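One structure is given below, encoded as structure tokens.
In our numbering, the protein residues as written are 825 to 1078.
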């Protein structure tokens, strides 16, 4: 009997080691790929002195985009536009170690940019986003947020990535409608089970785009922030970060 128990624990230990090595390797690859994509994006940026200020520096990347990748609201620059995705790989949870651990494997947060939409229960506009946070007891349902906070310096995220999926105007309306159907979903703290009735931030975004045949979950496991970034169906359209002096650098597709 001892022999079988010994073999059982040996096999279990081997499987556990295999899973850990696989998870670390996958996370390393996605982290490196994310950095490469951002650096390639920034490298194409051309400084725009005419619209830059002491506090905000603009870098335009020439493209065929006709749909703006950010919205100006007075002096504020709100990242994203209808159907876009905003993500940060910086976690903001309990402390430096936990934040670093979660940020490395899963990332930080994701939001789906809404547009002008209304029905009997609610209304949204081009400056709102649909998000699943689950950070507080009274806000564990996916809900609409005013998206200005993604642009602010006091935001816990000092680096924001805007993602865009190629789609037609018809598909954009469909994906907004699909995202709307997820409003009020309970937060899925397991990240793995009961994914039909519950959603976490990046999972909510992936579900919305799945309705129009776009796969933002690269490894078909839990949908991490990195999956959204490195998916073949998405590309970087906007990027900003704050330096240590609070100066904001914006790179965008023009």
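Glycine included, each C-beta is placed from N, C-alpha and C at the ideal position. No experiment lies behind these values; they were computed from the predicted model shown.
CA-to-CA distance, residue j to residue i, given in whole angstroms
i            : j            : result
residue 868  : residue 981  : 23 Å
residue 899  : residue 1073 : 15 Å
residue 1000 : residue 856  : 31 Å
residue 975  : residue 902  : 6 Å
residue 1070 : residue 877  : 13 Å
residue 890  : residue 995  : 16 Å
residue 1010 : residue 875  : 42 Å
residue 882  : residue 987  : 18 Å
residue 1014 : residue 1066 : 33 Å
residue 972  : residue 984  : 12 Å
residue 1006 : residue 859  : 31 Å
residue 908  : residue 978  : 22 Å
residue 992  : residue 948  : 21 Å
residue 1022 : residue 916  : 21 Å
residue 894  : residue 1045 : 31 Å
residue 800  : residue 937  : Any question about residue 800 goes unanswered here, given that the chain covers just 825 to 1078.
residue 941  : residue 1032 : 15 Å
residue 1028 : residue 880  : 31 Å
residue 1002 : residue 1058 : 18 Å
Neighbour-count burial assignment, residue i, 16 or more Cβ in a 10 Å radius
i            : result
residue 873  : exposed
residue 845  : At residue 845, the pLDDT of 48 sits below 50, so the modelled position is not reliable; the number obtained from the coordinates is stated separately. Residue 845 is exposed by the Cβ-count criterion.
residue 946  : exposed
residue 955  : buried
residue 990  : exposed
residue 852  : exposed
residue 864  : exposed
residue 1037 : exposed
residue 952  : buried
residue 1017 : exposed
residue 943  : exposed
Close-in-space but distant-in-sequence residues of the same chain around residue i (CB under 8 Å, 5 per side omitted)
i            : result
residue 1008 : 965, 966, 967
residue 861  : 1053, 1054, 1060
Neighbourhood of residue i by C-beta distance below 6 Å, restricted to the same chain and skipping five residues each side
i            : result
residue 1030 : 1040, 1041, 1047
residue 939  : 906, 950, 1000
residue 969  : 953, 955
residue 935  : 910, 953, 955
residue 897  : none
Proximity test, Cβ basis, 8 Å: residue i and chain B
i            : result
residue 1078 : Chain labels in this structure do not include chain B; a single protein chain is all it has.
Beta carbon of residue i nearer than 8 Å to that of residue j
i            : j            : result
residue 866  : residue 1063 : yes
residue 1078 : residue 912  : no
residue 1019 : residue 1012 : yes
residue 1068 : residue 1051 : no
residue 998  : residue 1056 : no
residue 904  : residue 1049 : no
Contacting residues, own chain, Cβ-Cβ under 7 Å from residue i (five flanking each side not counted)
i           : result
residue 884 : 869, 870, 872, 1076, 1078
residue 958 : 964, 1011, 1013, 1024
Check: residue i C-beta below 7 Å from any heavy atom of the ligand MG
i           : result
residue 983 : This structure lacks the ligand MG; in fact it carries no ligand of any kind.
Within the stretch 951 to 1014, ranges of the beta strand (DSSP E) (whole runs, at least 3 residues): At a cut-off of 3 residues, the continuous stretches assigned as beta strand (DSSP E) that sit fully inside the stretch 951 to 1014 are 952 to 955, 967 to 970, 983 to 989.
Whole runs of the beta strand (DSSP E) within the stretch 859 to 910, excluding any shorter than 3 residues: Runs of the beta strand (DSSP E) inside the stretch 859 to 910: 880 to 885, 894 to 897, 900 to 903.
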